Amino acid sequence: WLVIDRKVYDVSRFSKWHPGGSRVISHYAGQDATDAFVAFHNDKSLVKKYLRSLLIGELAPDQPSFESNKKKSLLEDFRELRCTVEKMGLLRPNYFFFFLVFLHLLVLDAASWLVVWYFGISLVPFLAGMAFFTVAQIQMGWFQHDLGHCSVFRKPRWNRLLQIVVINVLKGLPASWWNHLHNQHHAKPNCFRKDPDLNMHPLLFSLGKTLSVEVSMGILSLAHYNIFSFFSLERRRRSSCLTITSISISSVTDYIPLCNQEEKVVGKH
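Note that the working numbering has the sequence shown beginning at 5, numbered continuously upward.
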């Protein structure tokens with residue numbers, strides 16, 4: 005169970021069908037998830053219709069309606085700030101801006117391949133193409149990040165569709181994998197063992213004395229976190245990961261013979 009607006013919901017079965025993944029809900033098991041619910045759902049009236057069948061009770065009047073590890077005054081200030089930002093219209097997307105962003109990404113990506121195709125793979129064209137390609141890939145990462153947050157279009161479906169085009173097709177990574185990890189990051193930011201961004205390899209990076217001790221005690225489980233995360237995905241998401249991996253491998257294996265063939269042609273001339 006979890007709490008939203010002082011109402012208690014049993015989400016044990018629903019978590020398996022949750023569009024954002026079951027782990028996002030499990031991170032709030034037995035806790036107040038009001039702020040996370042507000043942040044993740046644009047059409048709250050629609051979502052609340054599905055919550056009615058899950059309602060099992062309400063909090064007692066003396067029970068606080070916020071996470072135990074957060075200060076009430078700071079939480080109230082944040083909620084007030086969020087309401088002010090929404091009323092000012094600062095969260096409304098600028099479609100023309102995002103159109104220009106997507107257009108310049110396509111231009112940079114196309115330029116990187118055209119330079120190598122037209123001028124060959126000598127040092128200067130290769131470095132120029134690599135510069136175009138690197139800038140395009142980095143910017144694509146941030147653009148698909150906005151799409152993953154449903155910040156570009158009002159309807160989540162259009163955001164997901166364009167995100168698949170950007171990250172799956174242009175970057176070669178599965179959108180479902182990225183959303184699965186990033187949703188957890190924003191659900192429990194900077195919470196060890198709940199925020200995937202903090203689960204670094206224990207031999208390379210750890211923070212603080214307490215975290216270092218905990219990492220050293222559970223080094224085996226943390227070292228295999230990414231493997232566990234992969235097998236915890238639904239079958240559809242695992243197949244997406246495998247598809248992208250196979251495409252990336254085939255692209256590399258195709259590129260190497262092409263380079264060798266071009267060297268042979270140049271040698272004959």
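Positions of the beta carbon are idealized from the N, C-alpha and C atoms, including for glycine.
Values in this document were obtained by computation on a predicted structure and should not be read as measured data.
Next on the checklist: Less than 8 Å between the C-beta atoms of residue 189 and residue 199, yes or no?
Outcome noted: On the sequence shown, position 185 is the one that residue 189 refers to. On the sequence shown, position 195 is the one that residue 199 refers to. The Cβ atoms of residue 189 and residue 199 sit closer than 8 Å to each other.
Item to check | Neighbourhood of residue 112 by C-beta distance below 8 Å, restricted to the same chain and skipping five residues each side | outcome: If you number the sequence shown from 1, residue 112 lands on position 108. Excluding sequence neighbours, residue 112 sits near 136, 137, 139, 140, 143.
Item to check | Residues sharing a beta bridge with residue 11, DSSP | outcome: As a working note, residue 11 is residue 7 in the sequence shown. In DSSP, residue 11 forms a bridge with 8, 62.
Checklist entry - Between the C-alpha atoms of residue 202 and residue 31, what's the straight-line distance to the nearest angstrom? => result If you number the sequence shown from 1, residue 202 lands on position 198. If you number the sequence shown from 1, residue 31 lands on position 27. Straight-line Cα distance between these residues: approximately 15 Å.
Next on the checklist: With three or more beta-carbon pairs closer than 8 Å as the criterion, would you say the region 124-131 touches the region 147-158?
Outcome noted: No, they do not touch.
Checklist entry - For residue 103, which option in 182, 193, 166 has the closest C-alpha, if you only look at C-alpha atoms? => result As a working mapping, residue 103 is identified with position 99 in the sequence shown. Of all alpha-carbon atoms in 182, 193, 166, the one lying nearest the alpha-carbon of residue 103 is that of 166.
Next on the checklist: Going by beta-carbon coordinates alone, are residue 34 and residue 5 separated by less than 8 Å?
Outcome noted: Translated into positions along the sequence shown, residue 34 becomes position 30. Translated into positions along the sequence shown, residue 5 becomes position 1. Going by C-beta atoms, residue 34 is nearer than 8 Å to residue 5.
Next on the checklist: For residue 50, report the span of its alpha helix (DSSP H) as first-last.
Outcome noted: Along the sequence shown, read from residue 1 onward, the residue named residue 50 stands at position 46. Segment 48-55, the alpha helix (DSSP H) holding residue 50.
Checklist entry - With 16 other CB atoms within 10 Å as the buried threshold, where does residue 20 fall? => result To locate residue 20, count along the sequence shown from 1; it is residue 16. Burial is judged here by how many other beta carbons sit within 10 angstroms of a residue's own beta carbon; residue 20 has fewer than 16 and is exposed.
Item to check | Spatial distance of residue 14 from residue 60 (CA atoms) | outcome: Taking the first residue of the sequence shown as 1, we reach residue 14 at position 10. Taking the first residue of the sequence shown as 1, we reach residue 60 at position 56. Approximately 6 Å, taken between the alpha carbons.
Checklist entry - Which one of 18, 52, 38, 16 has the shortest CA to CA distance from residue 192? => result Counting from one through the sequence shown, the residue named residue 192 turns up at place 188. When each option's Cα is compared against that of residue 192, the closest is 38.
Next on the checklist: So, for residue 194: in the same chain, excluding its five sequence neighbours on each side, which residues have a beta-carbon less than 7 Å away from its beta-carbon?
Outcome noted: Your numbering for residue 194 matches position 190 in the sequence shown. Here the set comprises 202.
Next on the checklist: Given this structure, state the Cα-to-Cα distance separating residue 172 from residue 159, to the nearest angstrom.
Outcome noted: Working through the sequence shown from its first residue, we reach residue 172 at position 168. Working through the sequence shown from its first residue, we reach residue 159 at position 155. Straight-line Cα distance between these residues: approximately 20 Å.
Item to check | Three-state secondary structure assigned by DSSP to residue 36 | outcome: Mapped onto the sequence shown, residue 36 falls at position 32. Strand.
Item to check | Buried/exposed call for residue 109, threshold 16 Cβ in 10 Å | outcome: Residue mapping note: residue 109 aligns to position 105 of the sequence shown, counting from 1. Under this definition residue 109 is a buried residue.
Next on the checklist: Could you compute how far the alpha carbon of residue 28 sits from the alpha carbon of residue 187?
Outcome noted: The sequence position of residue 28 within the sequence shown is 24, counting from 1. The sequence position of residue 187 within the sequence shown is 183, counting from 1. If you draw a straight line from the Cα of residue 28 to the Cα of residue 187, it comes to about 7 Å.
Item to check | Exposure of residue 66, with buried meaning 16 or more beta-carbon neighbours within 10 Å | outcome: As a first step, residue 66 is located in the sequence shown; it is residue number 62 there, counting from the start. Within a 10 Å sphere around the beta-carbon of residue 66 sit fewer than 16 other beta-carbons, which makes this residue exposed.
Checklist entry - Are the beta-carbon atoms of residue 105 and residue 147 separated by less than 8 Å? => result Working through the sequence shown from its first residue, we reach residue 105 at position 101. Working through the sequence shown from its first residue, we reach residue 147 at position 143. Yes, Cβ-Cβ distance for residue 105 and residue 147 is below 8 Å.
Checklist entry - Of the choices 49, 17, 157, 179, whose alpha-carbon is the least far from that of residue 98? => result Sequence index remark: in the sequence shown, residue 98 carries index 94 (1-based). Residue 98 has its Cα closest to that of 157, out of 49, 17, 157, 179.
Checklist entry - Smallest Cα separation from residue 180: which of 82, 17, 23? => result By 1-based counting over the sequence shown, the position of residue 180 is 176. Of the candidates 82, 17, 23, the residue whose Cα lies closest to the Cα of residue 180 is 23.
Item to check | Other residues of its chain near residue 7: CB distance less than 8 Å, five sequence neighbours each side excluded | outcome: As a working note, residue 7 is residue 3 in the sequence shown. Within the same chain, 13, 35, 36, 37, 38, 63, 69 come within 8 Å of residue 7 by CB-CB distance, once the 5 residues on both sides are set aside.
Next on the checklist: Does residue 48 pass the burial test, meaning 16 or more other C-beta atoms within 10 Å, or should it be called exposed?
Outcome noted: Mapped onto the sequence shown, residue 48 falls at position 44. It is exposed - the Cβ of residue 48 has fewer than 16 other Cβ atoms within 10 Å.
Item to check | Environment of residue 177 [buried if 16+ CB atoms lie within 10 Å] | outcome: For the purposes of this step, residue 177 is taken as the residue at position 173 of the sequence shown. Flag for residue 177 reads buried.
Checklist entry - Looking at the structure shown, is residue 97 part of a helix, part of a strand, or coil, going by DSSP? => result Within the sequence shown, residue 97 is the residue found at index 93, counting from 1. Assigned with DSSP and collapsed to three states, residue 97 falls in coil, not helix or strand.
Checklist entry - At which residues does the alpha helix (DSSP H) containing residue 87 begin and terminate? => result The residue you call residue 87 lines up with position 83 of the sequence shown. It spans 76-91 - the alpha helix (DSSP H) in which residue 87 sits, taken as one unbroken run.
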